[in-house]
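Asks:
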Amino acid sequence: MTIQVQKAVFNFVTTILLMGGYLFYVFGIHRDVNLSKVLEIQFWGIFILELTVLMVLAKIILFILFAIFKKVKNRNMDEEDLGFMDERDKLIEMKSDRYSHWITMFGFIASMVPISMGYSVQYMFITILSFGFVSAVMSDVWKIYFYNKGL
Amino acid sequence: MSKDHIQNKIRTLRFFKDEMTQKQLADEVGVTRQTVAAIESGKYSPSLELAFRISSVFKVTLDEVFTYDSSKDKIKKK
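Residue numbers (the numbering used here), protein chains in the order written: chain X, 1 to 151; chain Y, 1 to 78.
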């Protein structure tokens, strides 16, 4: 498995674990989250902000740990630079990001459907978050696909 | 896709350059070994700049490294 694919797999796994962990933290540990709270816009604002900060910080820390692990593991090997990206890597990243942005855009449009049908605001946020999560995961899936199958 | 139309002789040229490794070629042209492997296997068509850099490593012209099979073209000519 190449270093680029390893990075994509690592990103894929950590995204799922962090999202799952955060959902468990909010709805599993804090069992005081009841229906009335879920209906508040403030709850979803805090939810998204906390999730964003957690994701950014956790990803930075995990990537540093991943880089240290790779460095220690391949101490005596001529290992390629983790941060190095050539034209093919950039093209793959652009292509997979473009596809994942389509999902995000579709998710945003789809989130307007429950609002227009008169459903409560929680459905809009759940739709946006679901599509955001799917797009983040699919970005890595496409990267793995393009690295294996070619552009 | 155009990548199906582009063939290359990088493997042969590497052989005649003292069995140059993919890593050595990659280092010379400034890409990863995986990119060289992808070009060699036809999974990726390099940019024009990279193609020129590869041909200059072997000191040959571009068409001695890459060939284009226009018979597979699906583009309608105007």
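Even for Gly, the Cβ is constructed at its ideal location relative to N, Cα and C.
Closer than 8 Å, CB to CB, is Gln34 (chain Y) near chain X or not?
Replies: Interface residue, yes.
Asks: Could you tell me the alpha carbon to alpha carbon distance between Leu50 (chain Y) and Tyr147 (chain X), rounded to whole angstroms?
Replies: Cα to Cα, Leu50 (chain Y) sits roughly 19 Å from Tyr147 (chain X).
Asks: Would a C-beta distance cut-off of 8 Å place Phe10 (chain X) and Phe84 (chain X) closer than the cut-off?
Replies: No. Outside cutoff.
Asks: Given a cut-off of 8 Å on the beta-carbon distance, is the pair Ser55 (chain Y) and Leu62 (chain Y) in contact?
Replies: For Ser55 (chain Y) and Leu62 (chain Y), yes; Cβs fall inside 8 Å.
Asks: Alpha carbon to alpha carbon, how far is Gln24 (chain Y) from Lys43 (chain Y)?
Replies: Rounded to the nearest angstrom, the two C-alpha atoms are 20 Å apart.
Asks: Could you check the C-alpha separation between Lys17 (chain Y) and Gly132 (chain X) for me, to the nearest Å?
Replies: C-alpha separation (whole angstroms): 50 Å.
Asks: Can Met112 (chain X) be considered in contact with the ligand PLP, in the sense that its beta carbon sits closer than 7 Å to one or more heavy atoms?
Replies: Absence of the ligand PLP is noted for the structure shown, with no ligands found whatsoever.
Asks: For a quick check, are the C-beta atoms of Ala136 (chain X) and Thr14 (chain X) less than 8 Å apart?
Replies: No, Cβ-Cβ distance for Ala136 (chain X) and Thr14 (chain X) is not below 8 Å.
Asks: Grab me the residues of Val38 (chain X)'s own chain with a C-beta within less than 7 Å of its C-beta, minus the 5 sequence neighbours each way, in chain order.
Replies: The answer, listed in chain order, is Gln122.
Asks: Can you say whether Trp44 (chain X) is buried or exposed, counting buried as having 16 or more other CB atoms within 10 angstroms of its CB?
Replies: Trp44 (chain X) is buried by the Cβ-count criterion.
Asks: Considering only residues of the region 19-56 of chain Y, which uninterrupted alpha helix (DSSP H) runs meet the minimum length of 4 residues and lie entirely inside it, listed in chain order?
Replies: As far as the region 19-56 of chain Y is concerned, its whole alpha helix (DSSP H) runs of at least 4 residues are 22-29, 33-40.
Asks: Smallest Cα separation from Lys90 (chain X): which of Y:Glu40, Y:Ser47, Y:Asn8?
Replies: That would be Y:Ser47, whose Cα lies nearest to the Cα of Lys90 (chain X).
Asks: Starting from Ile61 (chain X), trace the beta strand (DSSP E) in both directions and tell me its first and last residue.
Replies: From DSSP, Ile61 (chain X) is part of no beta strand (DSSP E) but of the alpha helix (DSSP H) over 41-73.
Asks: In terms of residue numbering, what span does the alpha helix (DSSP H) encompassing Tyr25 (chain X) cover?
Replies: Where Tyr25 (chain X) is concerned, there is no enclosing alpha helix (DSSP H), given that its DSSP letter is neither H nor E.
Asks: In its own chain, which residues sit with a C-beta less than 7 Å from the C-beta of Met1 (chain Y), not counting the 5 before and 5 after it?
Replies: Its pLDDT being 46, under 50, Met1 (chain Y) is placed unreliably by the model, and the measurement read from it follows with that caveat. The answer is none, since no qualifying residue turns up.
Asks: Who pairs with Phe66 (chain Y) in a beta bridge, going by DSSP?
Replies: Answer by DSSP bridge pairing, in chain order: Y:Asn8.
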